[in-house]
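Numbering (the numbering used here), first residue to last: 1199 to 1310.
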């Protein structure tokens, strides 16, 4: 089962996404803090990540997330230097569940 890590400031959005992707067969984790997210990544307990770019302000977390395949949700004009060469696909919000699902399937296949 693919392990999916959700990182975001919008708890309601992340919970809705987590519920949907759990129903799609993913093992979903939602860390309560940046330290917990870093620990999950450090232990190799995430295969893919879905993160709001705004939640990656801490440099250590941003660098860790940049190494994982997945999806980064960005607002218009939002950039983060540590994500320029990241493995995740960047999608602008608003975005559909279909677009996120398609991107996750694509990056998951590339990661294998």
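We put the CB at the ideal spot given by N, CA and C, even for glycine.
When the options are compared against residue i, the one with the closest alpha-carbon
i, options, result
"residue 1245", "1258, 1208, 1226", "1226"
"residue 1284", "1263, 1300, 1301, 1306", "1263"
"residue 1252", "1204, 1219, 1304, 1305", "1204"
"residue 1290", "1305, 1297, 1281, 1273", "1273"
"residue 1313", "1255, 1265, 1271", "Residue coverage of the chain in this structure runs from 1199 to 1310, which leaves residue 1313 outside it and unanswerable."
"residue 1306", "1292, 1224, 1216", "1224"
"residue 1200", "1237, 1242, 1230, 1229", "1242"
Length of the line joining the Cα atoms of residue i and residue j
i, j, result
"residue 1154", "residue 1206", "Outside the shown range of the chain (1199 to 1310) lies residue 1154, about which nothing can therefore be said."
"residue 1240", "residue 1267", "15 Å"
"residue 1147", "residue 1265", "In the structure as shown, the chain begins at 1199 and stops at 1310. Residue 1147 is therefore absent and cannot be evaluated."
"residue 1237", "residue 1282", "23 Å"
CB of residue i within 8 Å of CB of residue j, strictly
i, j, result
"residue 1214", "residue 1235", "no"
Terminal residues of the alpha helix (DSSP H) in which residue i lies
i, result
"residue 1220", "1209–1221"
Q: For the stretch 1230–1304, list the alpha helix (DSSP H) runs that are entirely contained and at least 4 residues long, ordered along the chain.
A: Under the rule that a run must span 4 or more residues, the alpha helix (DSSP H) segments found entirely inside the stretch 1230–1304 read 1232–1240, 1257–1264.
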